[in-house]
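Novice: Be aware that the sequence shown starts at 1, since it is given in my numbering, and climbs by one per residue.
All residues carry an ideal CB built from backbone N, CA and C; glycine is no exception.
One structure follows; several queries about it will come next.
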Amino acid sequence: MKIALGSDHGGFDLKKEIIIYLESKNIQVTDFGTHTQESCDYPDYALKVAEEVASGNFELGIIVCGTGIGVSIVANKVPGIRAALCSDTFSAHATRQHNNANILTLGARVVGSGLALDIVEVFITSKFEGDRHQKRIDKITEVEKKYSK
Ligand code: RB5
Numbered sequence: 001m002k003i004a005l006g007s008d009h010g011g012f013d014l015k016k017e018i019i020i021y022l023e024s025k026n027i028q029v030t031d032f033g034t035h036t037q038e039s040c041d042y043p044d045y046a047l048k049v050a051e052e053v054a055s056g057n058f059e060l061g062i063i064v065c066g067t068g069i070g071v072s073i074v075a076n077k078v079p080g081i082r083a084a085l086c087s088d089t090f091s092a093h094a095t096r097q098h099n100n101a102n103i104l105t106l107g108a109r110v111v112g113s114g115l116a117l118d119i120v121e122v123f124i125t126s127k128f129e130g131d132r133h134q135k136r137i138d139k140i141t142e143v144e145k146k147y148s149k
């Protein structure tokens, strides 16, 4: 599995911890920035990760900002992206099973790193259940089509 990572300055430290965690599990990761703690604009990094996942270069993405909200809003503008902001492991499990979420967003100022790593672990190991959930995903795709130019 290949995972695309991104953050703004608010998520920079947590992203580094997530990368160390994933690499310790021999998971291939690519960090699309930011690469410093200097203040930056979260849409730039959220967009990059979302495009990489939407194009199929990466199976999953993880994006971190202060709240996880800004990057989630941006990522969900990209057709084919289903980004889920999770602050608990139940939601991380459910959003993979039911929504087939392909990007996890986290708020570094909301969750501690211990919980964040548990959420990451659950998100990357849980599987989409398909079946009745697929027709709901298809409806999400229809909404994207309706509003795309
Ligand atoms: C940056 O200060 C902060 O606005 C950003 O990390 C994020 O929380 C936005 O949603």
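1) Have a look at TYR21, ILE63, ALA83 and LYS77 and flag the residue whose alpha-carbon is nearest the alpha-carbon of LYS145.
2) Nearest-angstrom Cα distance between ALA101 and SER39?
3) Which residue marks the beginning of the alpha helix (DSSP H) containing LYS135, and which one marks its end?
4) Should TYR147 be listed as close to ligand 1, given that the test is whether its C-beta is under 6 Å from any heavy atom?
5) Output needed for HIS93: all residues of its chain with C-beta closer than 6 Å, excluding positions within five of it in sequence on either side, in chain order.
6) Mind checking who THR30 pairs with in its DSSP beta bridge?
7) Would you be able to state if there are at least three C-beta pairs under 8 Å between the segment 98-117 and the segment 67-86?
8) On a CA-only basis, which of ARG109, GLN37, VAL29 and TYR42 is nearest GLY66? Give me that one, please.
9) Can we count TYR21 as close to ligand 1, meaning its CB is less than 6 Å from some heavy atom?
10) Please classify LYS149 as buried or exposed, where buried requires at least 16 neighbouring CB atoms within 10 angstroms.
11) What would DSSP say about GLY10, mapped onto helix, strand or coil?
12) Do SER113 and GLU23 have their beta-carbon atoms positioned less than 7 Å apart in this structure?
13) Taking contact to mean at least 3 C-beta pairs separated by less than 8 Å, is the segment 130-146 in contact with the segment 32-51?
Specialist: Let me lay it out:
1) As a first step, residue 145 is located in the sequence shown; it is residue number 145 there, counting from the start. The residue with the shortest Cα to Cα distance from LYS145 is LYS77.
2) For the purposes of this step, residue 101 is taken as the residue at position 101 of the sequence shown. For the purposes of this step, residue 39 is taken as the residue at position 39 of the sequence shown. Using only the alpha carbons, I get a separation of about 28 Å.
3) In the sequence shown, the residue the question calls residue 135 occupies position 135. Its alpha helix (DSSP H) spans residues 132-147.
4) Indexing the sequence shown from 1 puts residue 147 at position 147. Answer for TYR147: no, Cβ out of range of ligand 1.
5) On the sequence shown, position 93 is the one that residue 93 refers to. Cβ within range, chain order: VAL122 and SER126.
6) Locating residue 30 in the sequence shown gives position 30, where the first residue counts as 1. Answer by DSSP bridge pairing, in chain order: ALA4.
7) yes
8) In the sequence shown, residue 66 corresponds to position 66, counting from 1. Comparing Cα positions, the closest option is ARG109.
9) Within the sequence shown, residue 21 is the residue found at index 21, counting from 1. No, the beta carbon of TYR21 sits no closer than 6 Å to any heavy atom of ligand 1.
10) Position 149 of the sequence shown, counted from the first residue, corresponds to residue 149. With fewer than 16 Cβ atoms within 10 Å of its Cβ, LYS149 is classed as exposed.
11) Locating residue 10 in the sequence shown gives position 10, where the first residue counts as 1. Looking at GLY10 - three-state DSSP - the assignment turns out to be helix.
12) As a first step, residue 23 is located in the sequence shown; it is residue number 23 there, counting from the start. As a first step, residue 113 is located in the sequence shown; it is residue number 113 there, counting from the start. Not in contact: GLU23 and SER113 (Cβ atoms no closer than 7 Å).
13) no
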